Amino acid sequence: MQHVLSANQFTKEDCERLFTIATRIKTSPWAYSHELTGRIMGSLFFEPSLRTRCSFEVAMNRLGGKVFSEGNATYSTSTAKGESFKDTLKTISQYVDVVVVRHPQEEIVAESANMSDVPVINGGDGMNEHPTQALLDLYTIKDAFENTEGLTVLFTGDLLCSRTIRSLLKLLKPYGTKNILARAMPPDLAYFENWSWIEEGQIEELLPTVDVVYMTRHQRERSLAREESRFVMTAKLAEKMKPTSVIMHPLPRTEELLEEVDNNHRAIYFQQAKNGMWVRMALLYSLLKERDWQ
Amino acid sequence: MQHVLSANQFTKEDCERLFTIATRIKTSPWAYSHELTGRIMGSLFFEPSLRTRCSFEVAMNRLGGKVFSEGNATYSTSTAKGESFKDTLKTISQYVDVVVVRHPQEEIVAESANMSDVPVINGGDGMNEHPTQALLDLYTIKDAFENTEGLTVLFTGDLLCSRTIRSLLKLLKPYGTKNILARAMPPDLAYFENWSWIEEGQIEELLPTVDVVYMTRHQRERSLAREESRFVMTAKLAEKMKPTSVIMHPLPRTEELLEEVDNNHRAIYFQQAKNGMWVRMALLYSLLKERDWQ
Amino acid sequence: MQHVLSANQFTKEDCERLFTIATRIKTSPWAYSHELTGRIMGSLFFEPSLRTRCSFEVAMNRLGGKVFSEGNATYSTSTAKGESFKDTLKTISQYVDVVVVRHPQEEIVAESANMSDVPVINGGDGMNEHPTQALLDLYTIKDAFENTEGLTVLFTGDLLCSRTIRSLLKLLKPYGTKNILARAMPPDLAYFENWSWIEEGQIEELLPTVDVVYMTRHQRERSLAREESRFVMTAKLAEKMKPTSVIMHPLPRTEELLEEVDNNHRAIYFQQAKNGMWVRMALLYSLLKERDWQ
Chain A
1 MQHVLSANQF TKEDCERLFT IATRIKTSPW AYSHELTGRI MGSLFFEPSL
51 RTRCSFEVAM NRLGGKVFSE GNATYSTSTA KGESFKDTLK TISQYVDVVV
101 VRHPQEEIVA ESANMSDVPV INGGDGMNEH PTQALLDLYT IKDAFENTEG
151 LTVLFTGDLL CSRTIRSLLK LLKPYGTKNI LARAMPPDLA YFENWSWIEE
201 GQIEELLPTV DVVYMTRHQR ERSLAREESR FVMTAKLAEK MKPTSVIMHP
251 LPRTEELLEE VDNNHRAIYF QQAKNGMWVR MALLYSLLKE RDWQ
Chain B
295 MQHVLSANQF TKEDCERLFT IATRIKTSPW AYSHELTGRI MGSLFFEPSL
345 RTRCSFEVAM NRLGGKVFSE GNATYSTSTA KGESFKDTLK TISQYVDVVV
395 VRHPQEEIVA ESANMSDVPV INGGDGMNEH PTQALLDLYT IKDAFENTEG
445 LTVLFTGDLL CSRTIRSLLK LLKPYGTKNI LARAMPPDLA YFENWSWIEE
495 GQIEELLPTV DVVYMTRHQR ERSLAREESR FVMTAKLAEK MKPTSVIMHP
545 LPRTEELLEE VDNNHRAIYF QQAKNGMWVR MALLYSLLKE RDWQ
Chain C
589 MQHVLSANQF TKEDCERLFT IATRIKTSPW AYSHELTGRI MGSLFFEPSL
639 RTRCSFEVAM NRLGGKVFSE GNATYSTSTA KGESFKDTLK TISQYVDVVV
689 VRHPQEEIVA ESANMSDVPV INGGDGMNEH PTQALLDLYT IKDAFENTEG
739 LTVLFTGDLL CSRTIRSLLK LLKPYGTKNI LARAMPPDLA YFENWSWIEE
789 GQIEELLPTV DVVYMTRHQR ERSLAREESR FVMTAKLAEK MKPTSVIMHP
839 LPRTEELLEE VDNNHRAIYF QQAKNGMWVR MALLYSLLKE RDWQ
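Protein chains in written order, with this note's numbering: chain A, 1 to 294; chain B, 295 to 588; chain C, 589 to 882.
Structure (structure tokens):
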């Protein structure tokens, strides 16, 4: 059995293998519509989610599987009666064939996965990791550029709290991109060697030179006191970018990315969201197709 | 692509075509149980609902389709993180083949539908419209009477806030019914030419002459200050009606319709609720059957 | 039609018939994976639940059926608009083929079941009954011991509020077990003749002689003022029990059962939870397989 807990698990070879399947599914989804017949996915979200939960559940359904869905697990499960997360996970793993979990607490998914009798997928744990988001982001970048070697990726927004960026930086390492984080990161948060940083005020002058702007939202629901990002992407700024460049965002967005940018051809964040479905289909297919029903 | 946003969209011919399908499905549901295999409906409710949500989701399932369901969208989606409704709708439309939405804000579904890449069905938007309820109401009236021409339909209850009546009056127009609204409507709310109104105190004397009493609930969850309806249907009052007449109610009911009326043969509100399933199956079938999977 | 409302309904013969089916399904689940194709279960939970709701929904899915799921019915249905439970049940029964209900109010499921046009299964009503939990408990005991005649079953925890024990004691009657309740039960709560009671302080000395310890949780969400249970099962205490004995718990647990006990071979509470799926599959199969689609 194999849990999906961290972007660290995925070598470049793993990613490439997964993306090949994702592209095949995207090209002919009907060919895969009975692959997981009889399998059931538990979807256990202790925090609100639209994209992750919906795309995972639809992915399972489009592969012929079924879903037990709980979008408000804090209230509707036995957590309300004082049950530990480990017991909840151990229990649900008695019934289903794979579990997707989102939880506000860092590391809790990884720490509890060994309690589960079936594969566990981390759907986001606090500010820590969101490995499947990183996978779909990388897939989207690779889909937009023939060659990733030497691409400049500029990260903006609330970097400190973003599990998305944390996971994506790990995956990008073997792909030869030049990663720039816009604004001060506390020096103790050194994830990797493969990034540099600039002040937010320098973004505008850098825009004409970058290939990917990866924006993130100010995470109102996380409670760290800190200096806030003030950069706002406008249609006018987008036009300053290279014609071949792209603007990405894991969504949801708030005020940092204006709706007027949506019609710019560089805006690929809704395709990015849709890619989440293909990549998650590929992941579920990989995890479950070769397993026997217990 | 065709969204279902308002009762205004439906000509008499559209209704008749839809009702023919609904009756066919009602007669032999098994014959339609694989028609939407592989299709997925998103069910996004920003307000509580039992009948509309359950009958839509069961309708999709009974046609062989599947459902992504969110009955508490205000909490469980990214709305909690500040995402706009337009972005939510655009996103979910990346994953599913049709979206049903209920939202407390008037017009928001119609205003945002163009953001969606798949058909959007308005499952009720504030006090504005509830087109599929109107369709099932009309279907129920036509099912109960051979000929609608000249039928007297008496509307009672909280008319001002009822999206149900608002939508139904639009649909009834070409069917030649005489529509009477019981109690004062503000003069600026003139939906259509085809209704008159009486004081609530006059209901009792009118009862022996009407064919349909269409009751509505006092909508506690809407916040307009206004004079309240006080009419209560009792078993005794029901007996004063013509033997061929019927009592309808979109449900839920509160104090305006006593449980003692349920056993009267004129009470058809639970059949009316059930008809919702057949009409919604017909609607989903019509919207999706001829579409190619994207 | 047959509702499942109370453990009282089940004779020893009924239990044996059901368990035979459960064991057959457990042995070859794939053989039953299309038995309920086209059938839909309504899952209506007015109280939090993980095991009962998930195992029922997965059971229906593993039999080929589908589910309309509402895990937070108090908020998301028309209860929020003042609808009575009877109307809610009557309405949902128009759409689905079987309904599972959990409700905080005692007797309400049994009192309202006659409103339903399809079978209703009591998934727990306040402190009253939880018949399917009792069935899976009995199944688990019978699975662990060749012969139940003369087995000593010790019940510990918050017995006064436990619908689980209430229902299980009823079922155990014809099975010849010796049932001991640990701590004072108010004398007016005499369910049956087939139990005796001891003080909680006597548990430890009794442990080496019992075959089954059936533990229950302190039910924080029930509001009766009463003396609290203080017995805690530890790894050390578990070792004092007979090698052939078992420790059961309906879960969720809180402080009364330490995690260190999980690795003791006597701990079978997670298998007990899993048995819930097989028993509920057998129950749904029995209720629906011979019914024609309405």
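Note that the Cβ used here is the ideal one computed from N, Cα and C, for glycine as well.
Since this is a predicted model, take the numbers as computed values, not measurements.
Cβ contact annotation for A532 of chain B (same chain, cutoff 8 Å, sequence separation greater than five): I541, V555, N558, R560, A561, in chain order.
T676 of chain C counts as buried, since no fewer than 16 other beta carbons sit within 10 angstroms of its beta carbon.
Per the C-alpha coordinates, the member of C:Y727, C:V592, C:K674, C:F644 positioned closest to T608 of chain C is C:Y727. Among the residues facing chain A, E364 of chain B is included, as its CB has a counterpart in that chain under 8 Å away. Residue environment: K289 of chain A is assigned as exposed (fewer than 16 neighbouring CB atoms within 10 Å of its CB, all protein chains considered). Annotation: Cβ neighbours of V684 of chain C in chain B (cutoff 9 Å, chain order): C348, V352. Rounded to whole angstroms, the separation of the alpha carbons of L36 of chain A and M869 of chain C is 20 Å. The DSSP assignment places 506-509, 540-542 as complete runs of the beta strand (DSSP E) inside the stretch 497-584 of chain B, in order along the chain (cut-off: 3 residues). Here the C-alpha atom of W785 of chain C lies approximately 29 Å from the C-alpha atom of T640 of chain C.
According to DSSP, residue pairing for L632 of chain C in a beta bridge involves C:E658, C:V689. Measuring C-alpha to C-alpha distances from F379 of chain B to each of B:S523, B:S406, B:E401, B:L357 identifies B:S406 as the nearest.
DSSP, read as helix, strand or coil, puts G495 of chain B in helix.
When beta bridges are read from the DSSP output, I415 of chain B appears opposite B:V298, B:V394. Pairing G444 of chain B with L357 of chain B, the inter-Cα distance amounts to about 36 Å. In summary, the residues of the stretch 845-859 of chain C whose CB is separated from some CB of chain A by less than 9 Å are E847, D850, F858, Q859, in the order they occur in the chain.
At the C-beta level, R102 of chain A and E47 of chain A come within 8 Å of one another. Under a criterion of Cβ atoms nearer than 8 Å, the residues of chain B adjacent to S33 of chain A are, in order, G332.
Here A325 of chain B is exposed: its Cβ has fewer than 16 other Cβ atoms, across all protein chains shown, within 10 Å.
Around I696 of chain C, the same chain offers F673, D713 as residues with beta carbons nearer than 7 Å, after the five sequence neighbours per side are excluded. Of all alpha-carbon atoms in C:Y763, C:Q590, C:V684, C:C642, the one lying nearest the alpha-carbon of G864 of chain C is that of C:C642. In this structure, DSSP gives L624 of chain C a state outside helix and strand, which the three-state scheme calls coil.
Bounds of the alpha helix (DSSP H) holding A438 of chain B are 425-438.
Residues of the stretch 145-177 of chain A whose Cβ lies closer than 8 Å to any Cβ of chain B: none. Per DSSP, the unbroken beta strand (DSSP E) holding A476 of chain B starts and ends at 472-476. If the five residues before and after T368 of chain B are omitted, its C-beta is found closer than 6 Å to the C-beta atoms of F340, all from its own chain and listed in chain order.
The residues T446, L448, in chain order, have a CB closer than 6 Å to that of V504 of chain B in the same chain once the five nearest residues on each side in sequence are set aside. Secondary structure of T679 of chain C (DSSP, three-state): helix. Exclusion of the five residues before and after N302 of chain B leaves K464 as the residues of its chain whose Cβ lies within less than 7 Å of its Cβ.
The Cβ-Cβ distance between P252 of chain A and T216 of chain A does not fall below 8 Å. For T91 of chain A, the closest Cβ of chain C is nearer than 8 Å. For F379 of chain B, the secondary structure class from DSSP, reduced to helix, strand or coil, is helix. Note on R524 of chain B: under 16 other CB atoms within 10 angstroms of its CB, so exposed under the neighbour-count rule.
By the criterion of a C-beta distance shorter than 7 Å, G176 of chain A is surrounded in its chain by T148, E149, G150, once the five residues flanking it on both sides are discounted. A Cβ of chain C is located within less than 8 Å of the beta carbon of G82 of chain A. In terms of Cβ geometry, I203 of chain A and T156 of chain A form a close pair [threshold 8 Å]. By DSSP's assignment, F607 of chain C forms no beta bridge with any residue.
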